[in-house]
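What follows is a single structure, written as structure tokens, with notes after it.
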Amino acid sequence: MPHEDMPDIYRSLAVLVTCAETEPFGLTAVEAAACGTPVVVPRSGGLGELEHDPFILGYEAGDLISAEFAIRQAVSAGGRLRSEGRLGRADHIRRNFGPTTYIYSLEEIYESVVRRSSKDKV
Numbered sequence: 824m825p826h827e828d829m830p831d832i833y834r835s836l837a838v839l840v841t842c843a844e845t846e847p848f849g850l851t852a853v854e855a856a857a858c859g860t861p862v863v864v865p866r867s868g869g870l871g872e873l874e875h876d877p878f879i880l881g882y883e884a885g886d887l888i889s890a891e892f893a894i895r896q897a898v899s900a901g902g903r904l905r906s907e908g909r910l911g912r913a914d915h916i917r918r919n920f921g922p923t924t925y926i927y928s929l930e931e932i933y934e935s936v937v938r939r940s941s942k943d944k945v
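Numbering (our numbering), first residue to last: 824 to 945.
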């Protein structure tokens, strides 16, 4: 599927549910949320760090009752979230997962590696 088609696909969903319990980072979840689609993720791995009520809801990994509750909550709030939450959602996604944040995070990682390797040489 061409990447340029993904925003329309995400917008066509009532909710995006991710069940991977060991996902290091959920780019699909972030992309769907940025498109206005309610997202449900397990509270484990990198996906758990994405949880941000009301845009990205979490459930206890492996707990079907918890997952069902989060999915029902996301579906019932979906229309309201799409219309009312647009600015807050966009701001949250941009602030936490945008390119600038990503670049700063990478810089911090590289700087810490350089500092550590410099200490090891002394």
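Glycine is no exception: its CB is placed at the ideal position from the N, C-alpha and C atoms.
Checklist line | Ranges of the alpha helix (DSSP H) found wholly within the segment 835-908, counting only runs of at least 4 | finding: 850-857, 868-871, 887-907
Notebook entry, point to check: Excluding sequence positions up to five away, which residues of its chain have a Cβ less than 7 Å from the Cβ of ILE879?
Noted result: Position 56 of the sequence shown, counting from 1, holds the residue named residue 879. Answer for ILE879: ALA852, ALA856, VAL862, VAL864, LEU873, listed in chain order.
Note to self: So for GLY911, helix, strand or coil by DSSP?
What the structure shows: Translated into the one-based positions of the sequence shown, residue 911 becomes position 88. Residue state, collapsed to three classes: helix.
Notebook entry, point to check: Can ALA913 and VAL838 be called in contact, C-beta distance under 7 Å?
Noted result: The residue labelled residue 913 in the question sits at position 90 within the sequence shown. The residue labelled residue 838 in the question sits at position 15 within the sequence shown. Going by beta carbons, ALA913 and VAL838 fall outside the 7 Å limit.
Notebook entry, point to check: Going by beta carbon distance, what residues of the same chain come within less than 7 Å of ALA893, once the five residues before and after it are set aside?
Noted result: Indexing the sequence shown from 1 puts residue 893 at position 70. Excluding sequence neighbours, ALA893 sits near VAL863, LEU880, GLY881, TYR882.
Note to self: DSSP three-state label for MET829, please.
What the structure shows: Within the sequence shown, residue 829 is the residue found at index 6, counting from 1. Of the three classes helix, strand and coil, the one that applies to MET829 here is helix, per DSSP.
Next item on the list: Look at PRO847 and GLY869 and say whether their C-beta atoms are less than 7 Å apart.
Entry: On the sequence shown, position 24 is the one that residue 847 refers to. On the sequence shown, position 46 is the one that residue 869 refers to. Yes, Cβ-Cβ distance for PRO847 and GLY869 is below 7 Å.
Note to self: Quick check on the burial criterion: 16 or more other C-beta atoms within 10 angstroms. Buried or exposed for CYS858?
What the structure shows: The residue labelled residue 858 in the question sits at position 35 within the sequence shown. CYS858 comes out buried.
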